[in-house]
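Those protein sequence lines, which keep their order, are chains A and B.
Numbering-wise, the first sequence is residues 62 to 221 according to my numbering.
Numbering-wise, the second sequence is residues 2 to 771 according to my numbering.
Note sheet for the following structure.
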Amino acid sequence: MSKQILSCIVNGESTEVLVQPYVTLLDALREDLGLTGPKEGCGTGDCGACTIHLDGEPVASCLMLAMQVRGREVRTIEGLGTNGTLHPLQEAFVRLGVPQCGFCIPGALMAAAALLNEHPRPTEEQIRYGIAGNLCRCTGYTKMVAAITEAAGALPAKGA
Amino acid sequence: MAVMKTTREVKGVGLAIPRPDGPEKVTGQVQYVADIKPKGMLHAKLLRSPHAHARIVKIDTSRAKTLPGVRAIVTARDIPELKRKAPTRAHAVLAIDRVVFVGQPVAAIAADELAIAEEAMDLIDVQYEVLPAAVDPLKSMQVGAPPVADAGTEADTSEALAHSGVAVAKTEAAPTKAVNVAQQAKLGRGDVAKGFAESDVIVEKTYRVPMVHQGYLEPHAVLAQWDTNGQLTLYSSTQGSFNTRSEVAEVLHIEENRIKVIPVECGGGFGGKIRALCEPITAVLARVTKRPVRYVMTRREELDAGMPAPQVIIKLKTGAKRDGTLTALDAETVIESGAFSGAVLTMSAVFVSSVYQFPTFEVRASEVLTHKPSIAAYRAPTAPQTFFAIDSQMEQMARELGLDPVEFRMRHLMKEGDPMANGQPWQSNGAKQCLARLAEHPLWKSRAEWKASGGKDGRGLRGVGLAVGGWIPGLQPTGATVRLNPDGSLQVLTGQVDIAGTNIALAQIAASAYGVDIDKVKITTGDTDTAPMTGLSAGSKTVYTVGTAVLQAAQDARRQTLEIAAKEMEAAIEDLEIEDGRVVVRGVPDKGVTLASIGKKGNLYMSKVPPVLGVAHPAFAVQAPAFAAQLARIEVDPDTGEVTLHDFVVVQDAGKAINPLGVEGQMQGGAVQSLGIALTEGMMYDDAGRLMNPSLLDYRKLTAADLPNIETIIVEVPAPAGPFGARGVGEPPIVPAPAALANAIHDATGVRLTEAPLTPERIALALASR
């Protein structure tokens, strides 16, 4: 099989890249675009470490083929903050000491960011279900939930 | 060396501050092994056995070799260093002529692309003669079971030594003809038969916890590269770069100084990345192809053929008198190690018989091999399983005697000076303080009200349970250096792999010991070429041992700094103090020299002032047992058996919490791993030795939606030999939950479950047969 041109928007920039038609979106991001923030923890959509935003929705990038995102908008952890400043979620994760090994963090942050897009002032239950697809083996989730709660307070409410 | 006191409190030990590499971790900038891709790098795959036990009749790689993009295919015959009777998994690089577990590597491929390597796997033809497999450990111990190890293979005790000096517990090798019993030990004291004869209550139960996987989110990964001088560089996801270097050197017969292990950011280990696993085969592929080769295990490979925790079966009989006096304990522990020996055999025996002080006891422990993946450490190896048994049993005894379960435990819980099962005394510890603190908790005090509030109006059955658990952290010699930079800042160097955030704690120790604020301290984890020899990030010993090395190196640097300043100011060294980045004469604040000026002179052309270089490389003798107590408040659905965890509390003795933020993180994360063992986790094998739940969908780890917030309470009982009194905190929190949950379920329903995980199915069946 020969490589194909994939045109899409990645972290706000129009991007063209040659990819094998059989590679997953995760592999294309990591191996062909050098965006190694999204991680492969399972490759079967069970751990959430590869979570990215596709047209604003959280998806497991290990479960999609790269060519499925033609013409669509992809955002990875590398595109979460703006102009070198941390997103309020990232800032809260650092301040509350959430990351330990750190491997789940990029995916968990993207899931949390999608949650806050949908529920700017989430309840604890909404937060817990919002990141239920993101396994973390270090933190026990308590500090993660607290950080998302704090970040939600720091973010302007929808429509404000 | 006495700790020199500073007159002013510096910002150091005791501060709850976040790790400095947090921003890198939340932006995806931190590099793990799979993120590194040197020019010309090849991808590796391993062809693995589909059979638990089989003879390899023939391996034909000729078709696979012709596939474009395949650069090398290696089998056992291509590795001259490979020997039979491999004592460890690392030595068994590839199967020679017999496979002994599903997932054992048989051939290795290096190719331009991962997809090509995967395609090549399908083109390799392996003919097997399938042999009967020993899958159940109790059957595998019997005479006549299908043999696992090659005859004459020695048991591996290095895992136990890496973890804890308690492995020196006196053991008695019992003669056995069963081929799969790798090690046996017997510990005892007093007349057990007499003890049982004097008992009013005797409780007999068999507890069982299946193999569980550590579940670090980053699978094993390694990148190997040889240079033209025959030097090997390994980028490894490891818990100990120096240990990895030694293992690879031994397996591949090369000098240690020809190997550089770079400890890349480790995406979780929990004991599963202590031992080398795929480093040797990746190094072989890189040697054969003369190219950098990267190998990353898939999750399926991790579950099929990683190094999980052993299955532990404990047959327990305990006796007590009516007034609550303990009389006797008899225990038979079976630890199932899979295909290679390596269990921490004696820790379980010590915990089961001497955490609660039985006047007479006998423990017979066996390590049994089966045709399953060989095991490794998992955070307090065998302790969650053992405390599940003994703390369930203590609760059951208290209930049958009609005694308060906390008072009954407090009465018999060991304290400093009491004998361990091996006759050595228990060192100072906070086990009793943890239990006492938990017993004061409102959730424990109000347990009767909670229980009474359930069961009516269609609501679930409610209960509260608690348990104690702990670990005796390991010891390992280690080194550190502390330098004074020309700008007056400090530079700390160790080889310590920082997984959980230990580097910030080590930097805090350096700050307080030297006398500068934490923002003046930079700490670096060096590779095996540059760092002082440093021990494993395992055994709850980083802060206790490496922290001591950093403390002593910082004190050494401080002494050198003061000596230089004393000479310059013509003052007595005892009159000097470090304050706000200056060395000053006590009581004469105007008279002083800056740390920067001292640092600068250490790097000045023609200067006669030596650079400040604090060095320490201690070895250790005194262990500091570390304990926790946990409480679970639950509700059980009487129809489905489903457990809802409403509240969970962890009380833990940290000795001194160097960084409370990090300590809390350990307590919460450890508790949830403990809850996973209690409630959902377990590797399930069919009769042919195949894993039936080889994905994270079928092997259920707990998610955020399964859990409440984990409440943490830190108790500080100083460890006499620990830096600033600190003791290990990583392992204790994974221990108590299985017993705490079993006790809570018993409180709620009256049924006593002895087999983990405590699934709805087991609970519902037990309720139905009440």
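Each residue gets a CB set at the ideal place from its N, CA and C atoms; glycine is no exception.
As the structure is a prediction and not an experimental result, all values here were calculated from the model.
Exercise. Say whether chain A places a C-beta atom closer than 7 Å to the C-beta of residue 410/B.
Key: Closer than 7 Å: no.
Quiz item: With C-beta atoms as the reference, is residue 121/B less than 7 Å away from residue 75/B?
Solution: For residue 121/B and residue 75/B, no; Cβs fall outside 7 Å.
Practice problem: For chain A, find out if any of its Cβ atoms is closer than 7 Å to the Cβ of residue 500/B; answer yes or no. | Solution: Interface residue, yes.
Exercise. In the DSSP assignment, find the alpha helix (DSSP H) that holds residue 207/B and state where it starts and stops.
Key: Premise fails: residue 207/B lies in the beta strand (DSSP E), 202-210, not in any alpha helix (DSSP H).
Quiz item: Taking Cβ positions, are residue 161/A and residue 200/A nearer each other than 7 Å?
Solution: Yes.
Quiz item: Looking only at DSSP bridge pairs, what is residue 99/A linked to?
Solution: As far as DSSP is concerned, residue 99/A takes part in no beta bridge.
Quiz item: Nearest chain A C-beta to residue 19/B closer than 7 Å, yes or no?
Solution: Closer than 7 Å: yes.
Self-check item: Coil, strand or helix - residue 75/A by DSSP
Solution: Collapsing the DSSP output to three states places residue 75/A in a strand.
Quiz item: If you draw a straight line from the alpha carbon of residue 769/B to that of residue 151/B, how long is it in whole angstroms?
Solution: Their Cα atoms are separated by approximately 46 Å.
Quiz item: DSSP state of residue 601/B, grouped into three classes?
Solution: In the structure shown, residue 601/B sits in a helix (DSSP, three-state: H, G or I).
Quiz prompt | First and last residue of the uninterrupted alpha helix (DSSP H) at residue 736/B | solution = Careful: residue 736/B lies outside any alpha helix (DSSP H) and carries neither H nor E.
Quiz item: Shortest alpha-carbon distance to residue 772/B belongs to which of 604/B, 654/B, 192/B?
Solution: It is not possible to answer for residue 772/B, since the shown part of chain B is limited to 2 through 771.
Quiz item: Under the three-state reduction of DSSP, which class applies to residue 214/A: helix, strand or coil?
Solution: Here residue 214/A sits in helix by DSSP.
Quiz item: If you measure beta-carbon to beta-carbon, which residues of the region 686-712 of chain B are closer than 7 Å to chain A?
Solution: Flagged, chain order: 696, 697, 698, 702, 704, 705, 706, 708, 710, 711.
Quiz item: Would you call residue 515/B buried or exposed, if buried means 16 or more other Cβ atoms sit within 10 Å of its Cβ?
Solution: A buried status is given to residue 515/B, since no fewer than 16 other beta-carbon atoms sit within 10 Å of its beta-carbon.
Self-check item: Per DSSP, cross-strand counterpart(s) of residue 189/B
Solution: The partner list for residue 189/B (beta bridge, DSSP) reads 363/B.
Exercise. Could you tell me whether the Cβ of residue 97/A comes closer than 7 Å to any Cβ of chain B?
Key: Answer yes: the Cβ-Cβ gap between residue 97/A and chain B drops below 7 Å somewhere.
Quiz prompt | residue 671/B in three-state terms, based on DSSP | solution = In the structure shown, the three-state DSSP call for residue 671/B is helix.
Quiz prompt | Sub-7 Å separation of residue 380/B and residue 732/B beta-carbons | solution = Their beta carbons are under 7 Å apart, which means residue 380/B touches residue 732/B by this criterion.
Exercise. For the alpha helix (DSSP H) holding residue 126/B, just list the boundary residues, first then last.
Key: Where residue 126/B is concerned, there is no enclosing alpha helix (DSSP H), although the beta strand (DSSP E) it sits in stretches over 126-131.
Quiz prompt | Inter-stretch contact (C-beta, 8 Å, three-pair minimum) for the region 702-713 of chain B and the region 188-195 of chain A | solution = Short answer: they touch.
Quiz item: Name the DSSP beta bridge partners of residue 151/B, please?
Solution: Under DSSP, no beta-bridge partner is assigned to residue 151/B.
Quiz item: So which of 280/B, 283/B, 659/B, 116/B has the shortest CA-CA distance to residue 69/B?
Solution: Of the candidates 280/B, 283/B, 659/B, 116/B, the residue whose Cα lies closest to the Cα of residue 69/B is 116/B.
Self-check item: Contact list for residue 107/A against chain B, beta-carbon separation under 8 Å
Solution: Within chain B, the residues placing a beta-carbon under 8 Å from that of residue 107/A are 300, 696, 697, 698, ordered along the chain.
Quiz prompt | 7 Å Cβ cutoff, residue 160/A in contact with chain B | solution = Output row for residue 160/A: interface = yes.
Quiz item: For chain B, is any of its Cβ atoms less than 7 Å away from the one on residue 112/A?
Solution: It does not; no Cβ of chain B falls within 7 Å.
Quiz item: Quick one: Cα of residue 389/B to Cα of residue 399/B, how far?
Solution: Roughly 16 Å between the two C-alpha positions.
Quiz item: On the three-pair Cβ rule with 8 Å, is the region 497-516 of chain B touching the region 534-550 of chain B?
Solution: Touching, yes, given that three or more Cβ pairs across the two stretches are closer than 8 Å.
Quiz item: Hey, how far is the Cα of residue 709/B from the Cα of residue 113/A?
Solution: Computed Cα separation, rounded: 26 Å.
Self-check item: Classification of residue 354/B by the beta-carbon crowding that lies within 10 angstroms, buried from 16 upward
Solution: It counts as buried.
Quiz item: Hey, residue 625/B and residue 555/B: beta-carbon distance below 7 Å or not?
Solution: No, the Cβ-Cβ distance between residue 625/B and residue 555/B is not below 7 Å.
Quiz item: For residue 628/B versus residue 432/B, is the C-beta spacing smaller than 7 Å?
Solution: Yes, these two residues count as a Cβ contact at 7 Å.
Practice problem: For residue 167/A, decide whether its Cβ has a neighbour in chain B, counting only Cβ atoms nearer than 7 Å. | Solution: Yes, because at least one Cβ of chain B sits closer than 7 Å to the Cβ of residue 167/A.
Quiz item: Going by DSSP, what residues sit across from residue 70/A in a beta bridge?
Solution: Its beta-bridge partners are 75/A, 134/A.
Quiz item: Got a sec, what are the start and stop residues for the beta strand (DSSP E) residue 470/B sits in?
Solution: For residue 470/B, the enclosing beta strand (DSSP E) begins and ends at 462-472.
Quiz item: Taking the alpha carbon of residue 668/B as the point to measure from, which residue in 541/B, 236/B, 386/B has its own alpha carbon closest?
Solution: Of the listed residues, the one whose Cα sits closest to residue 668/B is 541/B.
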